[in-house]
Amino acid sequence: MEGIFKKLWQRFADFAKGERAAKGGRSTTFLLALACIGIVLMFFSASPEQQRTPPPLDSNSEAVLNPFGLKGDYRERLEGELEDRLRQVKGVKAVSVLITLESGSATKYAQNTENTERSTTERDEAGGQREIKETTERKQLVMTRDGSGEQAVVTEERQPKIKGVLIVARGAENLLIKERITIAVAAALDLPTHRISVLPMD
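For this note's numbering, count along the sequence shown from 1 and bump the result up by 21.
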């Protein structure tokens, strides 16, 4: 590519010399030739990486559900709320909270249940008969319609159980403040105190 540019430049240079010799100055044709060279150089000077079009995003990539998303969101929200409350405790200057959960959240949906029973009688070669009963159960989610479309009706939603809490707070080296933090967390989360660990912050 560089060799092509050199050849083009040499041709235009020779052409320009002829024009200057003929008219004794820089002609309009020479200026147009320089402009064309500049456009060509600007077009081809971009690297292949800059000219390469990025691949389109996969529209389905965002549709994949993360099974741990609800659990993580709930934990982060709870940690943030607890930190805000503990900062209001007298003597606590800075605080960081880490919550450990036992399992993820659970949601129950309303269902319509339909039971179907069918009885059939079979006779054997000896003249005896046997009655056979079949029961079929069919369940279907109860849906409700709103402005955004149809959604399943939720009957129960259980948040994850809290396994333990670690709190690092500036001021927790004071036993009175440490006790205040422990009591506050135990009351807020309904946890026994042995599941709450409070450490001083450097």
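The beta-carbon is built from N, C-alpha and C at its ideal position, and this holds for glycine as well.
Three-state secondary structure (DSSP) at residue i?
{"i": "alanine 43", "result": "Bear in mind that a pLDDT of 49 at alanine 43, under 50, signals an unreliable position, so the model cannot answer this."}
{"i": "glutamate 123", "result": "coil"}
{"i": "aspartate 105", "result": "helix"}
{"i": "aspartate 145", "result": "coil"}
{"i": "arginine 166", "result": "strand"}
{"i": "lysine 154", "result": "strand"}
Can you list, in chain order, the residues of its chain with a C-beta nearer than 8 Å to that of residue i? Leave out the 5 residues immediately preceding and following it.
{"i": "alanine 131", "result": "Leu162, Val163, Ala173, Val174, Val175 and Thr176"}
Could you give the residue range of the beta strand (DSSP E) that holds residue i?
{"i": "valine 206", "result": "No beta strand (DSSP E) holds valine 206; the alpha helix (DSSP H) holding it covers 196-210."}
{"i": "valine 189", "result": "183-191"}
{"i": "proline 221", "result": "217-221"}
{"i": "valine 175", "result": "175-179"}
Compare the beta carbon distance of residue i and residue j with 8 Å and say whether it is the shorter of the two.
{"i": "glycine 262", "j": "valine 113", "result": "Shown here, the chain extends from 22 to 223; a query on residue 262 therefore has no answer."}
{"i": "leucine 220", "j": "isoleucine 183", "result": "no"}
{"i": "proline 181", "j": "glutamate 123", "result": "yes"}
{"i": "glutamate 102", "j": "isoleucine 120", "result": "no"}
{"i": "alanine 209", "j": "arginine 106", "result": "yes"}
Please list, in chain order, all residues of the same chain as residue i whose beta carbon is under 6 Å from its beta carbon, the five residues on each side excluded.
{"i": "arginine 265", "result": "The chain is shown from 22 up to 223; residue 265 falls before or after that span and cannot be answered."}
{"i": "glutamine 150", "result": "Thr142 and Arg144"}
Indicate whether the contact test is met: 3 or more Cβ pairs, each with one atom in the segment 98-116 and one in the segment 185-203, closer than 8 Å. The segment 185-203 and the segment 98-116 touch, with three or more beta-carbon pairs separated by less than 8 Å.
Would the segment 198-209 count as touching the segment 133-153 if we require 3 or more Cβ pairs under 8 Å? Judged by Cβ distances under 8 Å, the segment 198-209 makes no contact with the segment 133-153, as fewer than three pairs qualify.
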